[in-house]
Amino acid sequence: MATEHPTNQATSQPLQTAPSLELTPRKKPKAAIIATMIFVSLGLLASGYWFGYGQYFQSTDNAYVKANITNISAKVSGYVVETLVDDNQFVTSGTLLAKIDDREFQVKKSQSLANLQVQLASVEYSQAQHRLQQRVIIQTKSEVDSAQADLERSQQLLQRSQSLLKKQYSSQDEVDNAFAHLKVSKAQLEEAQSHYIAEQEKLNVIDSQIVQAQASVAEAQTELDQAELNLSYTKIVAPVDGIVGRRSVREGLFIQPGMPLISLVPTSDVWVEANFKETQLAKMQPGQKVNIELDAFPNREITGTLESFSPATGAQFALLPPENATGNFTKIVQRVPVKIHFDDQTLAAQQIIPGLSAVVTVDTHDIRNENESELAAESSDIALEPRG
């Protein structure tokens, strides 16, 4: 009895394990078939997505909202006496933002104005001298004419005396007196002519003084204009409409020319700058429609239009452009900035501000359809060509 019990156990074990050996091969084909069907389905879905959607769209998440931010700086130095705007405040063009102490500039303007008045008086004085000198010249010209007439009378008197002397109607003394009077007349004429020339030269000098005085007036006027301009710079105004961003100006602050004071962020004219790979550009062209997804507004549908391409890759505008002529070279796909403007420019007023991240998708159906039409036209032309 004791020896038969182990024998029965040994014979019963094969009977229990036999069913498991027969069921295992039946499960493996079913799992393989299911896995194959799943992979085939995924492949079909991927192919369908590509041919129906993916091949017509170019997308990138390397995109950000941009705008022309205006940085306002000081043009003159001085202490800020008043600030009139707060952070994040909307202002319009011409709004007064801050004031600089203008007392020194007022004094400079007064000095320039006084200097201008002095120079104007100098011009008036020189012009008065010019008018007076013209009268003097007229008088000296009369003296020349009188001396010329006296000389002619002296010549006639001498000729008459000499003629009478020949006829013995006159004496030699009368001839000598007439000759002496002629000499005196010549001397008086020469003196009058010299005086006339001297007075004309004085007039030329006065004319030069007038020109110099007028130049001084122009210089004084320029100084006054500059003083008034510097005085106007003490009032810092907004050049464009926008929202006050970074504001560093404070009352009591001493500012220097060129020192940044306020940044104005525009409320319109914003766009998206998307950095696409160079391998994506062949399918893109200006005018194509763009879908824009902003991370700040994930549920808002925003559309735009591709406006233009950058004339160079982003790396070319870097502070240190890449130099691949030396050393080991590793090819890196370059990115080109693409400008996309919003179809609705009022979006900027809806908190779409510069710096926001975006995901843009460009619809390239237009260029695809054009290429397909061109290929079809070329094929039809080839088919219609006669064969020799």
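Per full-length UniProt numbering, the very first residue in the sequence shown carries number 1; after that it's consecutive. Beta carbons: idealized from backbone N, C-alpha and C, even for Gly. As the structure is a computational prediction, the values presented were derived from the model and not from experiment.
- Contact annotation: Val265 and Ile100 have beta-carbon atoms that are not nearer than 8 Å.
- In the structure shown, Arg250 falls within a coil segment according to DSSP collapsed to helix, strand and coil.
- Linking Thr95 to Thr279 through their CA atoms gives a straight-line distance of about 47 Å.
- Of the candidates Asn230, His181 and Arg135, the residue whose Cα lies closest to the Cα of Gln200 is Arg135.
- Closest option to Met284, judged by alpha-carbon separation, among Ala32, Ala67, Ile33 and Thr364: Thr364.
- Here the C-alpha atom of Asp176 lies approximately 26 Å from the C-alpha atom of Glu143.
- Between the stretch 309-323 and the stretch 249-262 there are fewer than three inter-stretch CB-CB distances shorter than 8 Å, so the stretches are not counted as touching.
- The closest CA to that of Ile137, considering only Val336, Asn204 and Lys339, is found on Asn204.
- Under the three-state reduction of DSSP output, Ala35 falls in the helix class.
- No residue range can be given for Tyr56, since it is assigned to no beta strand (DSSP E) and is classified by DSSP as neither H nor E.
- Taking a C-beta distance under 8 Å as the contact criterion, Leu306 and Val338 qualify as a contact pair.
- In terms of Cβ geometry, Val360 and Thr92 do not form a close pair [threshold 8 Å].
- Within a 10 Å sphere around the beta-carbon of Phe254 sit fewer than 16 other beta-carbons, which makes this residue exposed.
- When the Cα atoms are used, Leu113 and Gln221 turn out to be separated by approximately 8 Å.
- Cβ-Cβ distances below 6 Å link His181 to Ser154 in the same chain, with the five nearest sequence neighbours on each side left out; the list follows chain order.
- Ala274 has Ala63 and Val338 as its beta-bridge partners, per DSSP.
- By the criterion of at least three beta-carbon pairs nearer than 8 Å, the stretch 295-302 is not in contact with the stretch 124-131.
- Put simply, the backbone Cα of Glu191 is about 18 Å away from that of Gln133.
- A Cβ-Cβ separation of about 56 Å leaves Val76 out of contact with Tyr196 under the 8 Å criterion.
- Of the candidates Met37, Ala63 and Tyr56, Ala63 places its Cα closest to the Cα of Trp271.
- As DSSP reads the structure, Thr305 sits in a beta bridge with Lys289 and His341.
- Pairing Ala213 with Val81, the inter-Cα distance amounts to about 40 Å.
- Rounded to the nearest whole angstrom, the C-alpha separation of Leu231 and Ala296 is 44 Å.
- Ranking Val237, Thr36 and Glu273 by CA distance to the CA of Gly355 puts Glu273 first.
- By the CB criterion at 8 Å, Leu45 and Ile262 fall outside the cutoff.
- Nearest Cα to Val184 within the set Val333, Ala149, Arg160 and Ile206: Ala149.
- Looking at the DSSP output, Ala98 shares a beta bridge with Thr83 and Ile236.
- DSSP places Ala358 in the uninterrupted beta strand (DSSP E) bounded by Ser357 to Asp363.
- Leu224 is the residue among Phe342, Leu224, Val333 and Phe317 whose C-alpha sits nearest the C-alpha of Phe105.
- In the three-state reduction of the DSSP assignment, Phe329 falls in the coil class, being assigned neither a helical nor a strand state.
- Asn71 sits close to Pro260, with the two beta carbons spaced by under 8 Å.
- Straight through space, the alpha carbons of Ala147 and Gln188 are spaced by roughly 6 Å.
- When the five nearest sequence neighbours on each side are left out, the beta carbons in the same chain lying within less than 7 Å of the beta carbon of Pro257 are those of Ala74, Lys75, Val76 and Ser77, in order along the chain.
- In the three-state DSSP reduction, Gly245 falls in the strand class (E or B).
- The alpha-carbon of Ile243 is positioned some 46 Å away from that of Ser216.
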